[in-house]
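Take a look at the structure set out below.
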Amino acid sequence: DTEVTQTPKHLVMGMTNKKSLKCEQHMGHRAMYWYKQKAKKPPELMFVYSYEKLSINESVPSRFSPECPNSSLLNLHLHALQPEDSALYLCASSLREEVDGYTFGSGTRLTVV
Amino acid sequence: QKEVEQDPGPLSVPEGAIVSLNCTYSNSAFQYFMWYRQYSRKGPELLMYTYSSGNKEDGRFTAQVDKSSKYISLFIRDSQPSDSATYLCAMWGNTGFQKLVFGTGTRLLVSP
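Heads up: the sequence lines are chains A and B, in that order.
For the first sequence, position 39 matches number 39 in my numbering, and the numbering has no gaps at all.
Take any residue in the second sequence, count from 1 to its spot, add 113: that is its number in my numbering.
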């Protein structure tokens, strides 16, 4: 298995909703990442889980919260989002955080209404 | 000045053309250099991964790194319509929170 699987592929949510994005990999990678990508922009790193340690981009608002139930799964919990949070949310993994090519999932297209 | 500069394009070429995509960077801490291909509404896919200055070839793709000039390139030979996508350069270095820094991407259109 050489894939990163993300679900759902599309999500429309209201500003008062709570939802979760899921990411799964079975490549034995020890680092997993959440990125946000707006149209025609490069991906921006939000969170890193590496060897069970969470690192946070300080500019990410608290309405986004990651969770790593085990080394193969990474969730992103969403609560009280704003329309400007609409974007493609990408999960990636790598064997280690130090170097190694990152494998990306296909992303979740999120629309906040 | 951005850490990584990449022309957004679009770059339009006819099928069969040789395509040259380029990035420049300013941070000497970058050690590893990658090219990703991203189709519309999909995640980036790793195409090439290089460490040292010089060329690396994989099929129709050649990645070139010139660390002294802080310049990297991706060449695509015999371009196909299926190569139409956005190509993102990316560089990795121990540079703080975001160790893998992406360029803005170049949109490539290959017409039949």
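Don't be surprised by glycine CBs; every beta carbon is placed ideally from N, CA and C.
This one's a predicted model, so the numbers in the text were calculated from it and none came from an experiment.
- Within the region 152-212 of chain B, the complete beta strand (DSSP E) segments of 3 residues or longer fall at 158-163, 167-171, 174-179, 184-189, 198-205, listed in chain order.
- At a beta-carbon threshold of 7 Å, the residues of chain A lying near Gln-211 (chain B) are Leu-45, ordered along the chain.
- Between the C-alpha atoms of Glu-118 (chain B) and Arg-96 (chain A) there is a straight-line separation of about 26 Å.
- Checking the DSSP bridge columns, you'll see Val-117 (chain B) partnered with B:Tyr-138.
- Thr-199 (chain B) and Lys-53 (chain A) have their C-alpha atoms some 32 Å from each other.
- With its beta carbon at least 8 Å from every one in chain B, Thr-5 (chain A) lies outside the interface.
- Residue range 73-79 is occupied by the beta strand (DSSP E) that includes His-79 (chain A).
- Considering only beta carbons, the part of the region 63-97 of chain A lying closer than 9 Å to chain B consists of Leu-88, Leu-90, Cys-91, Ala-92, Ser-94, Glu-97, in chain order.
- Distance from the CA of Thr-5 (chain A) to the CA of Tyr-33 (chain A), rounded to the nearest whole angstrom, comes to 13 Å.
- DSSP, read as helix, strand or coil, puts Pro-127 (chain B) in strand.
- For the options A:His-77, A:Pro-61, A:Met-46, A:Ala-31, the alpha carbon positioned closest to that of Phe-210 (chain B) is the one of A:Met-46.
- Leu-11 (chain A) places its beta carbon 8 Å or farther from that of Leu-74 (chain A).
- For His-26 (chain A), no beta strand (DSSP E) encloses it, and the DSSP letter there is neither H nor E.
- Close to Asn-57 (chain A), with beta-carbon spacing below 7 Å, are these residues of chain B in chain order: Phe-210.
- In the DSSP annotation of this structure, Met-15 (chain A) is not part of any beta strand (DSSP E), being labelled neither H nor E.
- DSSP, read as helix, strand or coil, puts Glu-3 (chain A) in coil.
- Using beta-carbon distances, Gly-105 (chain A) counts as an interface residue toward chain B, with a partner under 8 Å.
- Leu-76 (chain A) places its beta carbon 8 Å or farther from that of Pro-69 (chain A).
- Relative to the Cα of Tyr-89 (chain A), the nearest Cα in the group A:Phe-64, A:Thr-16, A:Tyr-51 belongs to A:Phe-64.
- The Cβ atoms of Thr-2 (chain A) and Met-27 (chain A) lie closer than 8 Å to each other.
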